Amino acid sequence: MPYLTRSCRTLLLPLFLACLAVLAGCGAAGSAGDAENTPRSVTHVLSPGEQVAITATDTLKLERVNDSRCRKGAVCVWKGYVSYSFSLLNSAGATDIVLSDSMPGAASSVTVNHLTFTLLDVDPATPPALNAAEPTYRVKVKITQGALPR
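In terms of mature numbering (1 follows the signal peptide of the UniProt record, and there is no 0), the sequence shown is residues -24 to -1, 1 to 126.
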């Protein structure tokens, strides 16, 4: 900038900085709007009867576990399956959700109202022994809140 006079440089520098600030502000506003509409995921571990708030209006409750797997030491004609029954509770009422990775007609991932519920991990992973006490079931579920249409 040696060819500009000192007075021109004094005027151009603040103008240049103001333009940069305006451009940065435009980018930040667009990014904030996009961030609000970006899919988000959380993971929760639940036992039967437990519930967790997943949005400001939605609560997920693990109602029960159906474990029909053949227990260790038993003689069975089929291997069985384990399924997890949830209720999605909100102001509109309750929606039943069943997740299973092996139950006929069920899926390990279900989408309801822009929320996707995915079965990640279960405990116990194998059926208990024939005469063992009922295990404490725990299920890990990933909940993804999808982007809302604009």
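Quick reminder that beta carbons are idealized off the backbone N, C-alpha and C, glycines included. No experiment lies behind these values; they were computed from the predicted model shown.
Taking the Cα positions, Val86 is about 29 Å away from Val53.
Counting only the Cα atoms, Ala50 lies some 45 Å from Thr33. Looking at the DSSP output, Asp72 sits in a beta bridge with Ser63. Bridge partners of Asp77 according to DSSP: none are assigned.
Pairing Lys55 with Gly69, the inter-Cα distance amounts to about 35 Å. Assigned with DSSP and collapsed to three states, Ile119 falls in strand.
Around the Cβ of Leu106, a 10 Å sphere holds fewer than 16 other Cβ atoms; the residue is exposed. Taking the CA atoms as reference points, Val41 sits about 11 Å from Pro100.
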